[in-house]
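A.B. asks: Can you keep this structure in mind? I'll have questions shortly.
6 protein chains.
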Amino acid sequence: MPQSSVRIADLTWYDFAARVKDDPIVFLPTGSVEQHGPHLPLFTDVILPVAVAEAVAAKLGGLVAPPVTYGYKSQPKSGGGNHFPGTLSLDASVFISLVRNIINELARHGVRKVVLFDGHMENQWFLVEAADLALRDQRAEGVHDLKIVKLGYWEFITKATEAALFPEGMPSWELEHAAVMETSVMLHLRPDLVRVDKIPDHPAASFPPYDVYPFDTTPIPPDGVLSSAKPASAEKGAIVIEQVVPDIAASLAKVFGKPTEA
Amino acid sequence: MPQSSVRIADLTWYDFAARVKDDPIVFLPTGSVEQHGPHLPLFTDVILPVAVAEAVAAKLGGLVAPPVTYGYKSQPKSGGGNHFPGTLSLDASVFISLVRNIINELARHGVRKVVLFDGHMENQWFLVEAADLALRDQRAEGVHDLKIVKLGYWEFITKATEAALFPEGMPSWELEHAAVMETSVMLHLRPDLVRVDKIPDHPAASFPPYDVYPFDTTPIPPDGVLSSAKPASAEKGAIVIEQVVPDIAASLAKVFGKPTEA
Amino acid sequence: MPQSSVRIADLTWYDFAARVKDDPIVFLPTGSVEQHGPHLPLFTDVILPVAVAEAVAAKLGGLVAPPVTYGYKSQPKSGGGNHFPGTLSLDASVFISLVRNIINELARHGVRKVVLFDGHMENQWFLVEAADLALRDQRAEGVHDLKIVKLGYWEFITKATEAALFPEGMPSWELEHAAVMETSVMLHLRPDLVRVDKIPDHPAASFPPYDVYPFDTTPIPPDGVLSSAKPASAEKGAIVIEQVVPDIAASLAKVFGKPTEA
Amino acid sequence: MPQSSVRIADLTWYDFAARVKDDPIVFLPTGSVEQHGPHLPLFTDVILPVAVAEAVAAKLGGLVAPPVTYGYKSQPKSGGGNHFPGTLSLDASVFISLVRNIINELARHGVRKVVLFDGHMENQWFLVEAADLALRDQRAEGVHDLKIVKLGYWEFITKATEAALFPEGMPSWELEHAAVMETSVMLHLRPDLVRVDKIPDHPAASFPPYDVYPFDTTPIPPDGVLSSAKPASAEKGAIVIEQVVPDIAASLAKVFGKPTEA
Amino acid sequence: MPQSSVRIADLTWYDFAARVKDDPIVFLPTGSVEQHGPHLPLFTDVILPVAVAEAVAAKLGGLVAPPVTYGYKSQPKSGGGNHFPGTLSLDASVFISLVRNIINELARHGVRKVVLFDGHMENQWFLVEAADLALRDQRAEGVHDLKIVKLGYWEFITKATEAALFPEGMPSWELEHAAVMETSVMLHLRPDLVRVDKIPDHPAASFPPYDVYPFDTTPIPPDGVLSSAKPASAEKGAIVIEQVVPDIAASLAKVFGKPTEA
Amino acid sequence: MPQSSVRIADLTWYDFAARVKDDPIVFLPTGSVEQHGPHLPLFTDVILPVAVAEAVAAKLGGLVAPPVTYGYKSQPKSGGGNHFPGTLSLDASVFISLVRNIINELARHGVRKVVLFDGHMENQWFLVEAADLALRDQRAEGVHDLKIVKLGYWEFITKATEAALFPEGMPSWELEHAAVMETSVMLHLRPDLVRVDKIPDHPAASFPPYDVYPFDTTPIPPDGVLSSAKPASAEKGAIVIEQVVPDIAASLAKVFGKPTEA
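Residue numbers (the numbering used here), protein chains in the order written: chain A, 1 to 262; chain B, 1001 to 1262; chain C, 2001 to 2262; chain D, 3001 to 3262; chain E, 4001 to 4262; chain F, 5001 to 5262.
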């Protein structure tokens, strides 16, 4: 019965029309096609926010729009860098206008509650701009009650979960690219796509307090993993998911004045 | 073993780098989030070209990039019209720059053979522009050997397959929106997403030889289906797939000077 | 007495102001500077829609704005291709914004009935976008009663006229580039610009069901004419004009609720 | 024999290809659809530069491209202002990109000598930008020998001609909008389009040394004519044409190293 | 006490909020980083309008926004040309959108009286466009009472001041680049930045009535100064300032219905 | 003697040309016009990076370009939010294209070492894009040796300086908006612009792990200061400056292969 799906992709237009009548929260996951080391697939930053967004949406009677799968350019300090093979990134203007356009389209059909649900750190500031411009566009269309939330699911990880992930202390969230957290959640959600034999174990990268363009590749680990992924496990991944999903749902329920369903 | 996947999304960057060394054909499916009547999901125009592209890529040792899932604005005569709930479309400038950017990113990593593999008729002319502009961009980068093919998979349906689909004569390809062909292929590939009980059966739409903006909705069937889908069947869908996949593969093998694998 | 002219170009601003008070239909012909074989001038796609639009406008008390003379890039299957000398084409973004801007200017002065009157097949989808964006612009200006019709005059050719043009059966409208229809109408309207001694006669072009960029010139006839123009005659041109002008006028009279004058 | 025409519009592509082999000067007239008082048509700023450009081109073996007929927004001090009915103007971005695109297209076909031949004062600075950006575009295409001249034909009027036009002294070139010079040349070239009975005679407008937006219409003469046109005559128009045509031709012959033919 | 400053830069947001309540005139100086010969600094076109605007603002209880310091491309006839070292200029689209954006931001905070206060002749037409587009943007935001004045301070120099500057007759305002007027005012306002020993003295440049791109540098004086600056003096500079400041203030007081304070 | 100035603004073009011959590092400070509480001026984010950049440039024989004074939109968590009066911000597209354009202009004159020297946290990601696009532009111009560094001067504050600033422990760098560090450095550099009597002292703001658009102003302190500025002092400001200036100079000397002068 696709009509109960949280995925807009699965619905017919009759389903969509019926669901939008209830003023649902609509989630737009945003990710990237980005290197994630020798052990994780290029779609890691899409798979994770889509999975989390769908779980959160299910709790809130929400809908999940087809994700924005190409993201902003990977940077050395947070993603290894755009030069790694397979990293397919968008110019800021393209990413911003794509997200802005999708928000406007949702609003055109009556959606008033949108969550930009990010899985790729480099997207964050461009999502800010897309939200601001879409609100401007909607004002010109006479729509004044659109509300947009922007979040990265990892920002909801509590200190307790952090301790479970890193019993010996956490390096830094920025260096968590393709490392313990992402690998653990992938092992939990999509073990078929993790090359367990290739999980890297090397010291965390160390960067100077400035950035060089074209990239200075000296401080970037050759495998693109910014800190060791060795301590990752499916159990840790489950801990993350079981904590962040209800916490994000609770936050959004409050922001949007919605009951949570589960 | 994801490394044998045709999907770029499933690969690690090491896989991608290894595969690109062989100068593969890379497919970029382009679709839409568009009403497809009471019986087909909004993602029909994504599901179909992705499935066909993956099958063709498998025969050619190619790769399939994550699809462009939002397409150009649905028009009454070919898709029912952009006003139907759930139809989420892009402005021409956004769609063109998105496709152009992805082509440029593939080229940056060494890809020289790209297929814009369309599943949504309204995208066609904007794909032309994206291809032209990407070639210009690449010239400025000193790349002169990029070759791009644009196609709609339905254009490869032979007269014989047409006769199998429409034993009593075909109405028109433009009116085939959410009708016999698309419904049949969906029944073949994703029967879980087809509402068999809602397959419509009404006369084909009839349009005047001009277009009115804002849309004149008078000639548009209220369910958004442009001609009867009743004669659809999974068997007919199988016939389409079994014919077009090898035919497209053969054409592309010739265009790009590649052997077909199967 | 220029004030009775259908051409905006010929009017003074007093004339224009007086005419716009009657809420006239304003025609914007759109063409191209495009090769039309060895026998027709580069302006064929401007000359024809301007002539037809002026004749239609005369019947409806309408006005004809100065034409958009540069059009979208010529394609092999419909126009021979952009590489032919003398073909001067616009990027999609330029063409769209030009047409959008002109519509907005007409609306600024009070025009509410606009016809995008096309003479170049490649323009069609970009006219769709221009119309959609101009309607959006006008909504932001508080204008909600602008109505835009888009048409290609050749779409109004009836089966009867088709039979007169092609007594032995018609090849395809797409292959009619610089062929029987266009040559006939040029012989009827502007014989001074037709090189009768150079009218080509060769088999129709045959194209594969895909497009290659940069163009594969193999299937393109070297003279740029997509099917034989030999059977063209001024008489046939007269038949076309005498049929399409009243028919287009009748259609527009109905769409816009206007009486026809002749 | 259209092949001897200076108008690109009249040529076949074979003619164009043959002519471009001689490295001709190609003229792009740029005008506007702009109010010119109660006596001159809205197309005055197109008719005049086209006529002068064609005469100059004839002397230099040059070609004239189809004119850019919509221009930049009319300003009170030089054109009366954009608010006058019938004045249809382009945004700067549209005008610039249109001219830039046409220059690039000419260059694509091998043209290396371009004259932006202006008939509308408000276009001047945007022509500068179009030329600069087209040169940048051409550098990216590897073209380094494109040369562009920008001129307004009125800038070539000598003191002697000025004295003939204004025996009692000239007010100012900026206030010459729809006044003695333009009216005289129209009377010489296109008397059929001049309403002789409506030629205005009132004192010249007087403007403060600043501009107000939205326009302050107080200092603008209600008929849009900035100074008296009464002294205009066809004879004066002939004097202008007979002086500027050879002078412009001589200048361009020198700039481009071309012989003049007459 | 910064709160009494005319400079927005010096205010706290509390100061700004308090000042805007009085509906002040807000000045946006626009200049350039442009060669000004061997004796004047690259910032001459910023220093001068900022100083004049601050003096005028002080008389009107106005505020001065941080200046737009990069301007449109220097042209041979008015600024020597963009090729001179140190001339850092903006593309038209960047300059226009920057000014437009700042106007919109002022309007967002309640400002309704804006003066674009120019110090660089090449900016003028692009300021026109920025003003027009900002008014359009504000209409879409529902703001209909924004008024914008555009001026170049030099346009207010009276015949009497002109006579004081050029006792022997004035060459032309366009050739006044880095010459008597600008040098005099710099000597008056910022003598520390004038290299008195390098003040040039050579005949005025003479240009043909057309422009060539890329620039024909033949007629451009090698030092970038368009006419002699020799007669410059601090006294003449004081005369200019003492005349134009009250005159501009008086004009603006009238335009905006404001009392002058001094 | 302006020729020894680090400020490009103060140089003549002869000075600039001479200095660029030595392949200097050119600094482009980027700031904002942004609320900084009741005690600091709107120009704080311009004053600080300009001062630091000039000090660093002096040590490296570098030059400082006129700063980009308008920045990206202030956000609640890092700057209080764009809604505060006096905060004048740019759209992402405008900010990016402005910085990109200035970099391109520097490169046009031969500069190959550029430092984007940021004083406003919200600018950071848009500087990344500007750098990336300018490098692309330069490749199209045939320039392949341009190197760009992007930095925020605060990122160079060492743990030791941090301890001096916050003897009782630091809250968070993001909450340092208009707080101890910025106030201290302003007290050190521009005490005339600090309202000492208004330095706020209230608990640090606390934000949820998501962002709401339009802003949820609940968690934002009404004065716009994100944590207490009370402990600020000119001495602390001096400590910051004396540490970061040589450290940044040393880093850049290494990156660009330049000796430090002091």
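Here a beta-carbon is modelled for each residue, glycine too, at the ideal position from N, C-alpha and C.
1) From Ser-5228/F to Pro-5203/F, what does the alpha carbon distance come to, in whole angstroms?
2) Does any C-beta atom of chain D lie closer than 8 Å to the C-beta of Ala-1140/B?
3) Using a Cβ-Cβ distance under 8 Å, would Ser-5097/F count as near chain G?
4) Beta-carbon of Asp-192/A versus every beta-carbon of chain E: anything under 8 Å?
5) Between Tyr-3213/D and Ile-4148/E, how many whole angstroms is the CB-CB distance? I'm expecting something under 8 Å.
6) In three-state DSSP terms, what is Arg-3100/D?
7) Of the residues Leu-3063/D, Gly-3071/D, Tyr-3072/D and Leu-3133/D, which one's Cα is nearest the Cα of Val-3111/D?
8) Do you know whose CA, among Leu-5088/F, Glu-5054/F, Val-5033/F and Pro-5067/F, lies nearest Ala-5249/F's CA?
9) Nearest to Leu-60/A by CA position, among Pro-221/A, Val-196/A and Phe-27/A, is which residue?
10) Going by beta-carbon coordinates alone, are Ala-5130/F and Arg-5108/F separated by less than 8 Å?
11) Taking Glu-1105/B as the query, report the chain A residues whose CB atoms sit under 7 Å from its CB, ordered along the chain.
12) Note down, one range per segment and in chain order, each beta strand (DSSP E) of at least 3 residues found wholly within the segment 142-170 of chain A.
13) To the nearest angstrom, report how far apart Thr-2044/C and Val-1194/B are at their CA atoms.
14) Output the distance between the C-alpha atoms of Pro-5049/F and Gly-5119/F, rounded to the nearest integer angstrom.
15) Can you tell me which of Leu-2226/C, Lys-2258/C, Lys-2230/C and Val-2143/C puts its alpha carbon nearest to the alpha carbon of Gly-2080/C?
16) By Cβ distance below 6 Å, which residues in the same chain neighbour Pro-4002/E in space, the five residues on each side in sequence not counted?
17) Return the bridge partner residues of His-1036/B from the DSSP annotation.
18) Checking the sheet assignment: what are the DSSP bridge partners for Val-2114/C?
19) Report back the beta-carbon spacing between Phe-4016/E and Pro-5085/F to the nearest angstrom; my notes put them in contact at under 8 Å.
20) Report the residues of the segment 3209-3229 of chain D with a CB closer than 9 Å to any CB of chain C, ordered along the chain.
21) Could you name the residues of chain B that Asn-101/A contacts, counting a contact when the two beta carbons are closer than 7 Å?
22) By Cβ distance, which residues of its chain are closer than 6 Å to Pro-66/A, with the 5 residues on each side in sequence left out?
23) Below 9 Å on C-beta distance, what does Ala-1017/B contact in chain A?
24) Helix or strand or just coil, what does DSSP make of Arg-2007/C?
25) Going by DSSP, what residue range makes up the alpha helix (DSSP H) through Tyr-1213/B?
26) Is there at least one Cβ from chain D nearer than 8 Å to Ile-2025/C's Cβ?
27) Kindly list the residues whose CB is nearer than 6 Å to the CB of Asp-4145/E, restricted to its own chain and excluding five residues on each side of it in sequence; keep chain order.
28) Of all the CB atoms in chain D, is at least one closer than 8 Å to the CB of Tyr-2072/C?
29) Buried or exposed: Pro-29/A, going by 16 or more other Cβ atoms within 10 Å of its Cβ?
30) Roughly how many angstroms lie between the CA atoms of Pro-1191/B and Ser-5074/F, to the nearest whole one?
31) Could you run through the segment 3248-3259 of chain D and flag, in chain order, every residue whose CB is less than 7 Å away from some CB of chain E?
32) Answer yes or no: does any C-beta atom of chain A fall closer than 8 Å to that of Pro-1041/B?
33) Could you pull out every residue in the same chain whose Cβ sits closer than 6 Å to the Cβ of Ser-251/A, ignoring the five residues on either side in sequence?
34) Please compile the residues from chain C whose C-beta is within a distance smaller than 7 Å of the C-beta of Phe-1156/B.
35) Report the option in Arg-2019/C, Leu-2133/C and Asp-2091/C whose CA atom is closest to the CA atom of Ala-1134/B.
C.D. replies: On the basis of the coordinates in this document:
1) Answer to the nearest angstrom: the Cα atoms are 6 Å apart.
2) Yes, its Cβ sits closer than 8 Å to a Cβ of chain D.
3) Going by chain labels, chain G is absent from the structure shown, which instead holds the protein chains A, B, C, D, E and F.
4) Not one beta carbon of chain E lies nearer than 8 Å to the beta carbon of Asp-192/A.
5) So it is a contact: roughly 4 Å between Cβ atoms.
6) In the displayed model, Arg-3100/D falls within a helix according to three-state DSSP.
7) With distances taken between Cα atoms, Val-3111/D lies closest to Leu-3063/D.
8) Restricting attention to Leu-5088/F, Glu-5054/F, Val-5033/F and Pro-5067/F, the CA atom closest to the CA of Ala-5249/F is found in Glu-5054/F.
9) Phe-27/A is the residue among Pro-221/A, Val-196/A and Phe-27/A whose C-alpha sits nearest the C-alpha of Leu-60/A.
10) The criterion of a C-beta distance shorter than 8 Å is not satisfied by Ala-5130/F and Arg-5108/F.
11) Residues of chain A passing the Cβ test: Leu-88 and Ser-89.
12) Whole beta strand (DSSP E) segments, 3+ residues: 147-152.
13) Straight-line spacing of the CA atoms in Thr-2044/C and Val-1194/B works out to 49 Å.
14) For the pair Pro-5049/F and Gly-5119/F, the Cα-to-Cα distance works out to about 5 Å.
15) Ranking the options by Cα distance to Gly-2080/C, first place goes to Leu-2226/C.
16) Confidence at Pro-4002/E is low in this model, with a pLDDT of 47, below 50, so the placement of that residue is unreliable and no value is reported for it.
17) His-1036/B is bridged to Pro-1038/B and Leu-1040/B.
18) Val-2026/C and Ile-2148/C.
19) Right, their Cβ atoms sit about 5 Å apart.
20) So the close ones are Asp-3223 and Gly-3224.
21) Result: Leu-1090, Asp-1091 and Val-1094.
22) The answer, listed in chain order, is Ala-9.
23) Simply Phe-84, Pro-85 and Gly-86.
24) Strand, per DSSP.
25) First-last for Tyr-1213/B: 1211-1213, but that is the beta strand (DSSP E), not the alpha helix (DSSP H).
26) No, no contact with chain D.
27) Closer than 6 Å at the Cβ level, and outside the excluded window around Asp-4145/E, lie Arg-4112.
28) It does not: the Cβ of Tyr-2072/C has no partner Cβ on chain D nearer than 8 Å.
29) The residue in question, Pro-29/A, is buried, as its Cβ has 16 or more Cβ neighbours within 10 Å.
30) Approximately 50 Å, taken between the alpha carbons.
31) Residues Ser-3251 and Val-3255.
32) Output row for Pro-1041/B: interface = yes.
33) For Ser-251/A, where only same-chain residues beyond five positions count, there are no Cβ hits under 6 Å.
34) Within chain C, the residues near Phe-1156/B are Pro-2209.
35) Considering only alpha carbons, the answer is Asp-2091/C.
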